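Trainee:
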Amino acid sequence: MRSVEVSAKSVKDALEQGLQQLGLEEEQVTYDILEEPTKGILGLLSKPAKIVITEKFNPEKFVKGFLIEFLEHFNVSFVIDLKQDQSSLKVNITGEDLGVLIGKHGKTLDSIQYITNLALNRKTEEYFRVVIDVNNYREKREETLVSLANRLASKAINTKRKVLLEPMNAMERRIIHSTLNDSTTVKTYSVGEEPFRKVAIEPK
Numbered sequence: 001m002r003s004v005e006v007s008a009k010s011v012k013d014a015l016e017q018g019l020q021q022l023g024l025e026e027e028q029v030t031y032d033i034l035e036e037p038t039k040g041i042l043g044l045l046s047k048p049a050k051i052v053i054t055e056k057f058n059p060e061k062f063v064k065g066f067l068i069e070f071l072e073h074f075n076v077s078f079v080i081d082l083k084q085d086q087s088s089l090k091v092n093i094t095g096e097d098l099g100v101l102i103g104k105h106g107k108t109l110d111s112i113q114y115i116t117n118l119a120l121n122r123k124t125e126e127y128f129r130v131v132i133d134v135n136n137y138r139e140k141r142e143e144t145l146v147s148l149a150n151r152l153a154s155k156a157i158n159t160k161r162k163v164l165l166e167p168m169n170a171m172e173r174r175i176i177h178s179t180l181n182d183s184t185t186v187k188t189y190s191v192g193e194e195p196f197r198k199v200a201i202e203p204k
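With the UniProt record's numbering applied, the sequence shown covers 1 to 204.
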């Protein structure tokens, strides 16, 4: 975070000068008054105001900078789009040939997301949840999982036997559970230990 020390005739003038130097708006900074201005006697021995202005921590700016630096190691071209919603950040990375950022069943993407969450939350007292997607992979994956859940639920009903899905991360397991949550014919539950935990679909 950038900071600057400024002296001026008044605190207001010092703040305006500092904001101009940093290229920021007042709501983007905090400032501490180091010295109040004094008028002196007959204009003599007067002292200017002195303040230090510090840029507020910006989660969106931090995440974008972190990802740009981190993803350079993959030697791919990409564009990062971020949207902040209260205490969460949604990041979509777009570009061509970005499969290397996704990995098998999104495992590389999950790792990138995990590392980014760690890096951000070490910098701020308030917890932020970062969800990273690449070329809308997660949205497409969710559609695939919903279809898979319904298909395997039908299989469990027809065979009257429990069906086990492949190991999935917590987010994907949640999609399966949510899809079949209101079913009157099957129930779902998770079995096994991470990273091999999987969902079971069983006839009621």
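A virtual CB, placed ideally from N, CA and C, is assigned to each residue, including glycine. Please read these numbers as outputs of a predicted model, since none were measured by experiment.
For L109, which residues from the same chain have a beta carbon less than 7 Å from its beta carbon, with the 5 sequence-adjacent residues on both sides left out?
Mentor: The answer, listed in chain order, is L101, I102, G103, I132, V134, Y137.
Trainee: Could you check whether L152 and V163 sit closer than 8 Å to each other, using their CB atoms as the reference points?
Mentor: Taking 8 Å as the Cβ cut-off, V163 and L152 qualify as a contacting pair.
Trainee: Which stretch, first to last residue, makes up the alpha helix (DSSP H) that contains R129?
Mentor: Where R129 is concerned, there is no enclosing alpha helix (DSSP H), although the beta strand (DSSP E) it sits in stretches over 129 to 134.
Trainee: Please state if the CB of T179 and the CB of N150 are separated by a distance shorter than 8 Å.
Mentor: Yes; because the gap between Cβ atoms is below 8 Å, this pair is in contact.
Trainee: For a quick check, are the C-beta atoms of V4 and Q20 less than 8 Å apart?
Mentor: Contact: no.
Trainee: Going by DSSP, what residues sit across from S88 in a beta bridge?
Mentor: For S88, which the question treats as bridged, DSSP gives the partners D85, R129.
Trainee: Would you call M1 buried or exposed, if buried means 16 or more other Cβ atoms sit within 10 Å of its Cβ?
Mentor: Flag for M1 reads exposed.
Trainee: Are I68 and G18 closer than 8 Å when you measure CB to CB?
Mentor: Contact flag unset, no.
Trainee: So what's P60 in DSSP terms, helix, strand or just coil?
Mentor: Reading off the sequence, residue 60 comes out as Glu, not Pro. Reduced to three states, the DSSP call for E60 is helix.
Trainee: Helix, strand or coil: how does DSSP classify residue 208 here?
Mentor: Outside the modelled stretch of the chain, which goes from 1 to 204, sits residue 208, for which no answer is possible.
Trainee: So, under 8 Å CB-CB, V11 and V63 are touching, yes? Tell me the CB distance rounded to an integer number of Å.
Mentor: Not a contact, Cβ separation roughly 33 Å.
Trainee: Below 8 Å, can you find three or more Cβ-Cβ pairs linking the segment 53 to 62 to the segment 23 to 35?
Mentor: Short answer: they touch.
Trainee: Could you spell out the range, first to last residue, of the beta strand (DSSP E) harbouring D76?
Mentor: According to the sequence shown, residue 76 is Val rather than Asp. Looking at the DSSP string, V76 is not in any beta strand (DSSP E), and its letter there is neither H nor E.
Trainee: Look at the alpha carbon of E194 and the alpha carbon of K83, and state the distance between them as a whole number of angstroms.
Mentor: Approximately 30 Å, taken between the alpha carbons.
Trainee: Measuring CA to CA, which of T144, S111, Y127, L15 is closest to D85?
Mentor: Comparing Cα-Cα distances from D85 to each of T144, S111, Y127, L15, the minimum goes to Y127.
Trainee: Pull up the distance between the alpha-carbon of N92 and that of Q113, whole angstroms please.
Mentor: One C-alpha to the other measures close to 11 Å.
Trainee: To the nearest angstrom, how far is the alpha carbon of residue 206 from that of N169?
Mentor: In this structure the chain extends from 1 to 204, so residue 206 is not present and cannot be described.
Trainee: To the nearest angstrom, how far is it from the Cα of L165 to the Cα of A200?
Mentor: Taking the straight line from one Cα to the other gives about 6 Å.
Trainee: What residue range does the beta strand (DSSP E) around L34 cover?
Mentor: Taken as a continuous stretch (DSSP letters only), the beta strand (DSSP E) holding L34 covers 29 to 35.
Trainee: Once DSSP output is grouped into helix, strand and coil, what is the label at L45?
Mentor: If DSSP states are grouped into helix, strand and coil, L45 belongs with coil.
Trainee: Going along the chain, which residues of its own chain have a beta-carbon closer than 7 Å to the beta-carbon of T38, five neighbours each way excluded?
Mentor: Same-chain partners within the cutoff: S46, K47.
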